[in-house]
Each structure stands twice: as C-alpha cells, then as structure tokens.
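Sequential numbering of the sequence shown, starting at 280, is according to the working numbering.
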Amino acid sequence: MKDVELRLIAELMKNSRRSDRELAKALKVSQPTVSRMIRKLEREGVIREYTMIPDFSKLGYQIMGLTFVKRSEEHSEEKTAETREAMAETERQNPHAYLMVVTGIGLGRDRLFAAFYEDYSDYSRVMSLTRRIPNLEAKEAESFLVDLNDKNNYKPLSMAAISNHILLQAEKTGKTSRRKRSTTPSKNTKK
C-alpha cells in the first residue's frame, strides 16, 4: 500500500467526517487525488464502512463483555451452518448489541463474543440464550466484563490510537512520506 494511502486511512480513522478537501490539505495532495484514493480503497475492501464511536455508557450500556466460548467438537460445514443459523435466529428474536462474533484460538476457547449490555441482568439473559445454541460448549463460557462507567478505565475504545500506530509502523518500515524523509529540496522547490 502506498504511503499516502496509509496516511489517508489513518486520517479517516481519526475522523471520517472530514471533507475530501480537508483530507487533501492534511495530506498535502489534491482533493481529486483524495477522492480517487477513497473510491479505490472502498472498491478493494480496505475501507469497509464509515462510523463513529459514541460514549456507550451515555447510550444506556453499563457493561462491555468479552465472552470466550468453545465449540463442542470439530465442526463439519453442516454443523457450522446449523450453529450460524441458530445464532442468527436467536439474534432475530432477541436482538442485542454485539460488537463482533469471531473465531480464534486461545484460553482453550475458539469463539469470542464482544458485546455491550445494559446491565448485569441483560448480560445474564444473553448468556442464557447463548447456552441454548447448538454445537457450543457454552457451559464452559468465560467472560471478562468491563464497567463502562468505571473512572479507572485507562483507554476507552478509539480508532485514533490505531491510526497513530499505523503511522508509526509505516515510519519504521520506511513507508513514510518522501516529504518527511527528504532533507534536500526538490527541483521544483522555489528558493
């Protein structure tokens, strides 16, 4: 990926509401260049969606939970489809605020459910529903619950930190802007 594309992604992660003109000014490129890059990155699936991150506690959520679950056995495609359909049906009948549901590995588990809950009883209700999903050993589910109102929370969810990390990594790998690296004036620079 080109340096200017990485910097554009970083700028969008910090604030996706900025206009192409504002982004062009920050990146020191033309507005049409920014517009073309955005369309290209969207087509390639690098940019998947634009969103904002609210203060979830002000929206009525008191808890964020990370729940680790294990499948009951190695799944065939048929069992995986059955599990997914059961999860989708549970969600249709009892919508709740999932942030993500992903497959992974660690802690003796292979599924992670990240979600927001209004309170502990809401969390308990969702866990009860989760235990009914076929092909999961939900009885072995373990959760890490975060009190969103706890003033001791060090760093809340933010894309700005990831944006800054992308830029730091780009600098380390030499994908920094030529403007930043160059110490000699270019031929086109007026003296």
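Note that the Cβ used here is the ideal one computed from N, Cα and C, for glycine as well.
Reduced DSSP category for residue i - H, G, I as helix; E, B as strand; rest coil
i	result
Glu421	strand
Arg410	helix
Gly287	The question names Gly, but residue 287 is Leu in the sequence shown. Note: Leu287 maps to helix in three-state DSSP.
Asn467	The predicted model places Asn467 with a pLDDT of 41, which falls under 50 and marks its position as unreliable; any figure quoted below should be read in that light. Of the three classes helix, strand and coil, the one that applies to Asn467 here is coil, per DSSP.
Ser399	In the sequence as presented, Ser is not what sits at residue 399; that position holds Tyr. Here Tyr399 sits in helix by DSSP.
Arg482	This structure cannot settle anything about residue 482, because the visible part of the chain is limited to 280 through 470.
Asp426	strand
Leu306	helix
Arg327	coil
Beta carbon of residue i nearer than 8 angstroms to that of residue j
i	j	result
Ile342	Leu436	no
Ala393	Leu345	yes
Leu306	Val283	yes
Leu287	Val313	yes
Asn373	Leu415	no
Ala420	Phe335	no
First and last residue of the uninterrupted beta strand (DSSP E) at residue i
i	result
Thr382	376 to 385
Met316	Note, Met316: premise wrong, no beta strand (DSSP E); alpha helix (DSSP H) at 310 to 322.
Thr346	342 to 348
Asp334	Looking at the DSSP string, Asp334 is not in any beta strand (DSSP E), and its letter there is neither H nor E.
Arg363	Taken as a continuous stretch (DSSP letters only), Arg363 belongs to no beta strand (DSSP E), being part of the alpha helix (DSSP H) at 356 to 372.
Buried or exposed by the 16-neighbour rule on C-beta atoms within 10 Å, applied to residue i
i	result
Arg327	exposed
Tyr377	exposed
Thr452	exposed
Thr382	exposed
Arg315	exposed
Ser309	exposed
Member of the options whose CA lies at the smallest distance from the CA of residue i
i	options	result
Ala367	Ser400, Arg411, Lys337	Arg411
Lys337	Tyr396, Ile441, Lys434, Gly453	Tyr396
Met406	Met292, Glu321, His375, Asp389	His375
Met292	Pro311, Thr312, Ser309, Ile317	Ile317
Ile332	Thr359, Asp299, Asn294, Gly339	Asn294
N- and C-terminal bounds of the alpha helix (DSSP H) containing residue i
i	result
Lys451	439 to 451
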